[in-house]
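Here is the structure we will look at.
Number of protein chains: 2
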Amino acid sequence: MGKNLTKRSEDYSKWYNELVLKADLAENSGVRGCMVIKPYGFAIWEKMQAGLDKMFKETGHENAYFPIFIPKSYLSKEASHVEGFAKECAVVTHYRLKNAEDGSGIVVDPEAKLEEELIVRPTSETIIWDTYRKWIQSYRDLPLLINQWANVVRWEMRTRLFLRTAEFLWQEGHTAHATKQEAIDEAELILKVYATFAEEHMAVPVIQGIKTESERFAGAVETYCIEALMQDGKALQAGTSHFLGQNFAKAFDVKFANKEGKQDHVWATSWGVSTRLMGALIMTHSDDNGLVLPPKLAPIQVVIVPIYKGLDQLDAISERVAPLVKELRSKGISVKYDHRDTHKPGFKFNEYELKGVPVRLAIGQRDMENNTFEVARRDTLEKETVAADDLVARIETLLEDIQTNIYEKALNFREAHITTVDTYDEFKEVLEAKGGFISAHWDGTAETEERIKDETKATIRCIPLDGDTETGKCMVTGKPSERRVLFAKAY
Amino acid sequence: MGKNLTKRSEDYSKWYNELVLKADLAENSGVRGCMVIKPYGFAIWEKMQAGLDKMFKETGHENAYFPIFIPKSYLSKEASHVEGFAKECAVVTHYRLKNAEDGSGIVVDPEAKLEEELIVRPTSETIIWDTYRKWIQSYRDLPLLINQWANVVRWEMRTRLFLRTAEFLWQEGHTAHATKQEAIDEAELILKVYATFAEEHMAVPVIQGIKTESERFAGAVETYCIEALMQDGKALQAGTSHFLGQNFAKAFDVKFANKEGKQDHVWATSWGVSTRLMGALIMTHSDDNGLVLPPKLAPIQVVIVPIYKGLDQLDAISERVAPLVKELRSKGISVKYDHRDTHKPGFKFNEYELKGVPVRLAIGQRDMENNTFEVARRDTLEKETVAADDLVARIETLLEDIQTNIYEKALNFREAHITTVDTYDEFKEVLEAKGGFISAHWDGTAETEERIKDETKATIRCIPLDGDTETGKCMVTGKPSERRVLFAKAY
Numbered sequence: 001m002g003k004n005l006t007k008r009s010e011d012y013s014k015w016y017n018e019l020v021l022k023a024d025l026a027e028n029s030g031v032r033g034c035m036v037i038k039p040y041g042f043a044i045w046e047k048m049q050a051g052l053d054k055m056f057k058e059t060g061h062e063n064a065y066f067p068i069f070i071p072k073s074y075l076s077k078e079a080s081h082v083e084g085f086a087k088e089c090a091v092v093t094h095y096r097l098k099n100a101e102d103g104s105g106i107v108v109d110p111e112a113k114l115e116e117e118l119i120v121r122p123t124s125e126t127i128i129w130d131t132y133r134k135w136i137q138s139y140r141d142l143p144l145l146i147n148q149w150a151n152v153v154r155w156e157m158r159t160r161l162f163l164r165t166a167e168f169l170w171q172e173g174h175t176a177h178a179t180k181q182e183a184i185d186e187a188e189l190i191l192k193v194y195a196t197f198a199e200e201h202m203a204v205p206v207i208q209g210i211k212t213e214s215e216r217f218a219g220a221v222e223t224y225c226i227e228a229l230m231q232d233g234k235a236l237q238a239g240t241s242h243f244l245g246q247n248f249a250k251a252f253d254v255k256f257a258n259k260e261g262k263q264d265h266v267w268a269t270s271w272g273v274s275t276r277l278m279g280a281l282i283m284t285h286s287d288d289n290g291l292v293l294p295p296k297l298a299p300i301q302v303v304i305v306p307i308y309k310g311l312d313q314l315d316a317i318s319e320r321v322a323p324l325v326k327e328l329r330s331k332g333i334s335v336k337y338d339h340r341d342t343h344k345p346g347f348k349f350n351e352y353e354l355k356g357v358p359v360r361l362a363i364g365q366r367d368m369e370n371n372t373f374e375v376a377r378r379d380t381l382e383k384e385t386v387a388a389d390d391l392v393a394r395i396e397t398l399l400e401d402i403q404t405n406i407y408e409k410a411l412n413f414r415e416a417h418i419t420t421v422d423t424y425d426e427f428k429e430v431l432e433a434k435g436g437f438i439s440a441h442w443d444g445t446a447e448t449e450e451r452i453k454d455e456t457k458a459t460i461r462c463i464p465l466d467g468d469t470e471t472g473k474c475m476v477t478g479k480p481s482e483r484r485v486l487f488a489k490a491y
Numbered sequence: 001m002g003k004n005l006t007k008r009s010e011d012y013s014k015w016y017n018e019l020v021l022k023a024d025l026a027e028n029s030g031v032r033g034c035m036v037i038k039p040y041g042f043a044i045w046e047k048m049q050a051g052l053d054k055m056f057k058e059t060g061h062e063n064a065y066f067p068i069f070i071p072k073s074y075l076s077k078e079a080s081h082v083e084g085f086a087k088e089c090a091v092v093t094h095y096r097l098k099n100a101e102d103g104s105g106i107v108v109d110p111e112a113k114l115e116e117e118l119i120v121r122p123t124s125e126t127i128i129w130d131t132y133r134k135w136i137q138s139y140r141d142l143p144l145l146i147n148q149w150a151n152v153v154r155w156e157m158r159t160r161l162f163l164r165t166a167e168f169l170w171q172e173g174h175t176a177h178a179t180k181q182e183a184i185d186e187a188e189l190i191l192k193v194y195a196t197f198a199e200e201h202m203a204v205p206v207i208q209g210i211k212t213e214s215e216r217f218a219g220a221v222e223t224y225c226i227e228a229l230m231q232d233g234k235a236l237q238a239g240t241s242h243f244l245g246q247n248f249a250k251a252f253d254v255k256f257a258n259k260e261g262k263q264d265h266v267w268a269t270s271w272g273v274s275t276r277l278m279g280a281l282i283m284t285h286s287d288d289n290g291l292v293l294p295p296k297l298a299p300i301q302v303v304i305v306p307i308y309k310g311l312d313q314l315d316a317i318s319e320r321v322a323p324l325v326k327e328l329r330s331k332g333i334s335v336k337y338d339h340r341d342t343h344k345p346g347f348k349f350n351e352y353e354l355k356g357v358p359v360r361l362a363i364g365q366r367d368m369e370n371n372t373f374e375v376a377r378r379d380t381l382e383k384e385t386v387a388a389d390d391l392v393a394r395i396e397t398l399l400e401d402i403q404t405n406i407y408e409k410a411l412n413f414r415e416a417h418i419t420t421v422d423t424y425d426e427f428k429e430v431l432e433a434k435g436g437f438i439s440a441h442w443d444g445t446a447e448t449e450e451r452i453k454d455e456t457k458a459t460i461r462c463i464p465l466d467g468d469t470e471t472g473k474c475m476v477t478g479k480p481s482e483r484r485v486l487f488a489k490a491y
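Protein chains in written order, with our numbering: chain A, 1 to 491; chain B, 1 to 491.
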């Protein structure tokens, strides 16, 4: 196809890295581990943001903004939280540069040392709960349902565009409740929001579950998650929602007077999805020709390429295309008419395939005579000739079809890659031969979980919320198991 | 009114600070100079973002995202740029914390020192132009019209909510062009966009002009600005658009092949507005009763307060109100029905006045009998009784009226506070007695500008783009002046 894209079957990881670059989604910057999100990639992220933001607001949440810096002492207040984040954070120690006295350039001014170091937020529980203490006095102030869209920094040593970067963009919800049950309900509500968004907007099927203790968020009592399966058989955690109990309320002394006037610590949740979703989106649907985007998130849903010789033919086509563009836009369909005369149609076809535009129209001389368009769909690469009169209706149907089709395809792949095993040998065999999720019994101990991880690199992705609850014996130790859990190698 | 708000005439500065807090817009955080933008304040900022973002896209710009960190060496590449920003930047020197060996807590790990310090971006020209070098080879890659919504940090010593904070939110546009004229046109186009947004969305009249050399952005060849006038007679710079010449292209070696195949450095602009606009919005319109918001930016445009005794009356009112709420929403009007039974109507009236909700409806027993509503507008505090059948149309008219009225009021104030003077004595007299903009002749030297600033605290806000070009003599030195410029004390 002239795209010089490595095939997935040859080297999936290389295919991904190349695709992100060639489709103009993102690239590495001059700052270690930090990416530049390019306009085309950012346009997809903006559509994700808009979809999620609407869902958050419909469920009663409001946006706010908290400082990017966290005083070191705040981070330390919740014991397991600091354990989880102190090892990989960017630390601000000074607030000024100056000219070096030896004329060698600009250096840190030692006189501008901060009394207390500031951490660039890896997540905002601590600064937010320090603020909530001032906002919450009574049950009338609850629930507090707040979300923030922000950048965060975790000093990861091994980074990959979108999947793991030192700086990433995300949303983080932080809610406060009067009762334990309300907070649990909130964490579960958000899990449903995330799952709905993943499946209906991204067309990515996800399994909803809870994390084992060792995979929990640092400071959480329970971590809920959605897990997706990539085409290479590896799982990807696409979003998490945490029930934090009273941990942060106790660490930051956030109490409220309940209806009876009694003081109690507040119950909390936090939850987030990040630009990592871009990685999940890319890896779930794309193929050896490039990106495949769900119509709901595609920055350009329909592209129109004229095929012509000479400006007279182009003018005639442009005249035919203009009302079509107008009609599609009036229906909320984003459309681009690419009449650049610096590039040939074949080049443009390749480019829009690479960029995953769901529907491509071409119109040449025969189409002009017959009053037709050639219509190609990106997901199956099928082409058809459609009469101009039927075109808008056909495009509307196609966009819906593509959204459904790529979801079904991903779902079928996922279903075909959930294997139930009863022995550890079988587990290892399936893991090597096929990958995917493996449903197996586990004795519930961190030791066994750790041993499996060390020996196979597979981790417990989740204890599925809707899995069966058949009891059995741990595949490794033979000890009793209350239910099967899902293992996989993961991103 | 029971709001305990300091009067503007008593202490304008205190009035502003109290209002920002009491109207739930923002507050100081535990991190020096960094603010928390509260949900109500953030909802206004979101509306500003949406309005500006639409205008940027309509003028051909795309959003992208660049790293928050800038390597120290990048900042140094453009000489005047580093001079302008090195003195007030947050410096990341380490990437890990660890437990102190003496058990005293968490400390910076000296082994995790960065080879090169990273600056938290005060503005992104340097990291962006380092990236553009990879994106631009030919005239076909130009123009590059990119915007970013981001947080930035400037270590200001004296901070005030929204007006001057160590961290603030903004958008920064960074464009690249093949010719000098194209770049100048872009900088001027954006100035028009900013002025239109300020006047039509924020209802804040602005003067468009250019800055003198000493007030220019660090690294710019020309800085265009919009200047607004606050009710205390001080000016506020509301947005700037910079023509950067080839300064950054040369510093980062960004060249392109023009149509003739010749290599040339790229021409650039950058431009930004920030959460400072919130300060301008608040100070332009608000009064001793609280915020006054333009309907186009008000998170709640219409609030409905029921006046009742007992739940039967409330139920009847709620039934009457439900279809009204639905109809208003269907017209895109944001409406809140505040039926909380924990607060009295008088309390609610005060609250919504304080929060600047443009239109307040009240409905009590007499209204129920007469099928009317009491309608109050926030800008003039006028009340009227409106028949239910006429209500929606009346509200639509009112929202337009309020938007126009507060703009006209601010414009009249501004026009009444532009004084033309010809002597330095008169200048000082007007500055003390009345404030506002003072139009005067100046000899064009930085020395005279500096002397005026030292002696009076007034600065040259701008050389207005549409001012007359009458020549004259500098009010201070008597030297020839090409035209009058606008002075003011400023935020």
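Beta carbons: idealized from backbone N, C-alpha and C, even for Gly.
| Asked | Found |
| --- | --- |
| Bridge-paired residues (DSSP) for residue 149 (chain B) | B:171 |
| Runs of beta strand (DSSP E) lying entirely within the region 200-265 of chain A, each at least 3 residues, in chain order | 207-210, 222-229, 235-245, 255-257 and 263-265 |
| Length-filtered (3 minimum) beta strand (DSSP E) runs lying within the region 94-158 of chain B | 97-99, 106-108, 113-120 and 144-153 |
| Cβ of residue 247 (chain A) within 7 Å of any chain B Cβ | no |
| Cutoff 7 Å: residue 499 (chain A) Cβ touching any chain B Cβ | The first residue shown for chain A is 1 and the last is 491, placing residue 499 (chain A) beyond what the model contains. |
| Nearest neighbour of residue 219 (chain B), chosen from B:250, B:194 and B:193 [CA to CA] | B:250 |
| Simplified DSSP assignment, three categories, for residue 360 (chain B) | strand |
| Simplified DSSP state of residue 1 (chain A), which is helix, strand or coil | Low local confidence applies: a pLDDT of 45 at residue 1 (chain A) is under 50, so the model's placement there is unreliable, with the coordinate-based value given in what follows. Three-state result, residue 1 (chain A): coil. |
| Distance CB(residue 269 (chain A))-CB(residue 183 (chain A)) smaller than 7 Å | yes |
| Alpha-carbon spacing of residue 491 (chain A) relative to residue 360 (chain A), whole angstroms | 33 Å |
| Exposure label - residue 211 (chain B); buried when at least 16 CB within 10 Å | buried |
| Proximity test, residue 83 (chain A) beta-carbon vs the ligand NAP heavy atom, cut-off 6 Å | Among the components of this structure there are no ligands whatsoever, and the ligand NAP is therefore not found. |
| Residue 85 (chain B), buried or exposed, once every other Cβ within 10 Å from all chains shown has been counted against 16 | buried |
| Closest by C-alpha distance to residue 193 (chain A), when choosing among A:170, A:290, A:225 and A:165 | A:225 |
| Three-state secondary structure (DSSP) of residue 82 (chain B) | helix |
| Distance between residue 150 (chain B) and residue 64 (chain B) (C-alpha atoms, nearest Å) | 10 Å |
| Test: residue 59 (chain B) CB closer than 7 Å to a CB of chain A | no |
| Length of the line joining the Cα atoms of residue 370 (chain A) and residue 333 (chain B) | 47 Å |
| Strand pairing of residue 337 (chain B), partner residues [DSSP] | B:304 |
| Min CB distance residue 316 (chain A) to chain B below 7 Å | no |
| One or two residues paired with residue 480 (chain B) in a DSSP bridge | B:473 |
| Stretch pair the region 370-380 of chain B + the region 399-411 of chain B: three plus CB contacts closer than 8 Å | yes |
| Proximity below 7 Å, CB of residue 317 (chain A) to CB of residue 363 (chain A) | yes |
| Residue-level contact to chain B via CB, residue 130 (chain A), 7 Å cutoff | yes |
| Contact with chain A by residue 151 (chain B), beta-carbon distance below 7 Å | yes |
| Alpha-carbon spacing of residue 163 (chain B) relative to residue 116 (chain A), whole angstroms | 25 Å |
| Range of the contiguous alpha helix (DSSP H) that encloses residue 267 (chain A) | Not the alpha helix (DSSP H): residue 267 (chain A) falls in the beta strand (DSSP E), residues 267-274. |
| Under 8 Å by beta carbon: chain B residues contacting residue 31 (chain A) | 67, 69, 70, 71, 118 and 127 |
| Neighbour flag for residue 100 (chain B) against chain D, beta carbons, 7 Å | Checking the listed chains, one finds no chain D in this structure; the protein chains it contains are A and B. |
| Neighbour list for residue 110 (chain B) in chain A, Cβ cutoff strictly below 7 Å | Near residue 110 (chain B) there are no residues of chain A at all, since even the closest Cβ is about 11 Å away, more than 7 Å. |
| Stretch pair the region 59-73 of chain B + the region 20-39 of chain A: three plus CB contacts closer than 8 Å | yes |
| Host alpha helix (DSSP H) of residue 421 (chain A) (start-end) | Unbroken run through residue 421 (chain A): none, as it is neither H nor E. |
| Unbroken alpha helix (DSSP H) run spanning residue 67 (chain A), endpoints | Where residue 67 (chain A) is concerned, there is no enclosing alpha helix (DSSP H), given that its DSSP letter is neither H nor E. |
| Under 8 Å by beta carbon: chain B residues contacting residue 553 (chain A) | Here chain A comprises residues numbered 1 to 491, so residue 553 (chain A) is not present and cannot be evaluated. |
| Identity of the residues DSSP links to residue 374 (chain B) by a beta bridge | B:362 and B:385 |
| Alpha-carbon to alpha-carbon, residue 253 (chain B) and residue 265 (chain B) | 7 Å |
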